[in-house]
């Protein structure tokens, strides 16, 4: 059984604009827990439990997982979260389970407007190579012949810096109109990157 007081305590500590929490009843007057509509764990017998995630397990020192759920037959592998780790564990869990899988770029989708995907292919080679050289992408997106290895990129493919700069650089790249003019794409990418990096550093320094 989990008291309303404990539920309110969890909610007060973790609910925010970024992480909107909601609940649904479970067996023995416990509660299943959701974050931004995604199932993330529950409140069981006055304990906060999150579904298993590698990052959370590492944070807690690799404890033995427990099995909790809606009923005795609907069980999930979870980790009991000590109160001092609630906020950090939620951030790690949400990043690993949901943010990492968020789509950031699908080349085939954004190329639909072209007669064929190949019309946009060479420019994507330039863009992806630049992003890797600037360490916005974790792995080289091109092979030794400069062929694109993957057409779809998700959040976990980005470095920490890439999560901030890649989306904005991509927006500028996609609306770049002077593709056959006097200013090369390489030149524009450098200009955009310098401006975005300067803005990003100013935000970090506060």
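In our numbering, the protein residues as written are 25 to 230.
C-beta atoms are modelled at their ideal positions from N, C-alpha and C, and glycine is treated no differently.
* Name the residue from 213, 101, 102 whose alpha carbon lies nearest to the alpha carbon of residue 155. => 213
* Three-state class that DSSP yields for residue 200 in the structure shown -> Coil at residue 200, not helix or strand.
* Under the three-state reduction of DSSP, which class applies to residue 99: helix, strand or coil? -> strand
* Which value, in whole angstroms, describes the spacing of the CA atoms of residue 49 and residue 191? -> So the alpha carbons of these two residues sit roughly 39 Å apart.
* Asked: Using the C-alpha atoms, what's the distance from residue 126 back to residue 97?
  -> Cα to Cα, the separation comes out at about 31 Å.
* Give every residue of the same chain whose Cβ lies closer than 7 Å to the Cβ of residue 158, excluding the five residues on either side of it in the sequence, and list them in chain order. => 217
* Asked: Cα-Cα, which of 63, 37, 60, 70 is closest to residue 1?
  -> Residue 1 cannot be examined here, being either before or after the span of the chain that is shown, 25 to 230.
* Asked: What does a CB cutoff of less than 7 Å around residue 105 pick up in its chain, not counting 5 residues either side in sequence?
  -> 72, 73, 74, 113
* Cα separation between residue 51 and residue 222? -> 53 Å
* Asked: Relative to the alpha-carbon of residue 79, which residue among 56, 171, 168, 121 has its alpha-carbon at the smallest distance?
  -> 121
* How long is the line joining the alpha carbons of residue 180 and residue 174, rounded to whole angstroms? -> Cα to Cα, the separation comes out at about 14 Å.
* For residue 182: DSSP bridge partner residues -> 161
* Among 59, 162, 171, nearest to residue 146 - alpha-carbon criterion -> It is 171.
* What residue range is occupied by the uninterrupted alpha helix (DSSP H) comprising residue 30? -> 28 to 38
* Asked: In its own chain, which residues sit with a C-beta less than 8 Å from the C-beta of residue 53, not counting the 5 before and 5 after it?
  -> 25, 26
* Asked: With burial defined as no fewer than 16 other Cβ atoms inside 10 Å of the residue's Cβ, what is the status of residue 186: buried or exposed?
  -> buried
* To do: Please name the residue in 166, 107, 152, 131 whose C-alpha comes closest to that of residue 83.
  => 107
* Please name the residue or residues paired with residue 72 in a DSSP beta bridge. => 67, 105
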